[in-house]
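*Asks:*
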Amino acid sequence: MGKEICGVVLAGGWGTRLLPLTTSINKHLMPVYDEPMICKSVATLKRMGIKDIMIVLGGYSGNSFFALLGDGHRYGLDIRYAYQEQAGGIAEALRLTQGFVGERNVAVILGDNVFEDSMKKYADAFLDDDENECYLFLREVEDPESFGIAWLDDSGSIVDMKEKPNRPDSNLAITGLYLYSSRVFELIDHSVETIGYSSRGELEITDINRFFMERGLAKGCHFECHWADCGTIDALLETSNLMKEWGKGRWLPPMGE
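The sequence shown: position 180 = 179 (numbering that gives the first Met the number 0), numbered continuously.
1. Could you tell me whether the Cβ atoms of Val107 and Tyr59 are closer together than 8 angstroms?
2. Quick one: grab the DSSP three-state call for Val113.
3. Under a three-way DSSP split, which group does Thr21 fall into?
4. Going straight from the alpha carbon of Tyr121 to that of Leu137, what length do you get?
5. The alpha helix (DSSP H) with Phe64 in it runs from where to where?
6. Are Asn131 and Gly175 touching if we call contact CB-CB under 8 angstroms?
7. Could you please give the first and the last residue of the uninterrupted beta strand (DSSP E) stretch that includes Ala86?
8. Just to confirm my understanding: we take Leu17, look at its own chain, exclude 5 residues before and 5 after, and list those with CB closer than 8 angstroms. What are they?
9. Determine the extent of the beta strand (DSSP E) in which Lys161 is found, giving its start and end residues.
10. Can you tell me whether DSSP reads Pro35 as helix, strand or coil?
11. Have a look at Leu95, Leu216, Met212 and Ile187 and flag the residue whose alpha-carbon is nearest the alpha-carbon of Glu203.
12. Whole angstroms are fine: how far does the CA of Pro164 sit from the CA of Val41?
13. So, is Lys243 buried or exposed, given that buried needs 16 or more other C-beta atoms within 10 angstroms?
14. DSSP state of Pro167, grouped into three classes?
Okay, here's the thing in structure tokens:
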């Protein structure tokens, strides 16, 4: 596996869980304490040592993203954009970035996910890993029935995963941060040919992750710092309050500040 890695932020969707707040603004532009939400996800990639980033937009507010982040040079980054015309799922959005990613590895983050600590050690380990081509970031949760859940063997390899299982004996939720080799695009094409779009009209990222698992190429990264999916009002409020308590300042300040 090559040693180069780029980043993709998925910032489409309509933010229906945040209505009516998202009636006139993309949810990824809403504030998480002192910064727009998108700044937190971009900063997560930057903390991992990634500077070449593509943001996949959808819906409206495209000009607002560019006004905020531009081409990234103010933040020491190179940012480009793609547009997903219709909601077709995470895997479809990622597929739009194939020309940008090329033969590189890619870190993919959902734009509403916030991770308290740096995940750089996992990115470094991934680039040195000659056995796995997919790292999924896992966090213990109290209500596993509400999440996609993974099971690990003693070596940390993922041996099973299920969406919102009933009374599972694992509580390791699959979060919205993924590390992939460029093989991910081959597997997305395979999913289109063999499984197709789900009943909700999406190419499911769970199918892609399962393909990696079935080939013995998926590993779980079990972390313990705070993680939040800020796609709900309660999570947005809780995470904003935590940001204030942490007192770490802005995660993505312009260069020189």
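C-beta atoms are modelled at their ideal positions from N, C-alpha and C, and glycine is treated no differently.
*Replies:* Reading off the structure:
1. no
2. strand
3. helix
4. 12 angstroms
5. Gly61 to Leu68
6. no
7. Neither: Ala86 is in no beta strand (DSSP E) and is coded neither H nor E.
8. Lys26, Met29, Gly230, Thr231, Ile232 and Leu235
9. Ile157 to Glu162
10. strand
11. Ile187
12. 31 angstroms
13. exposed
14. coil
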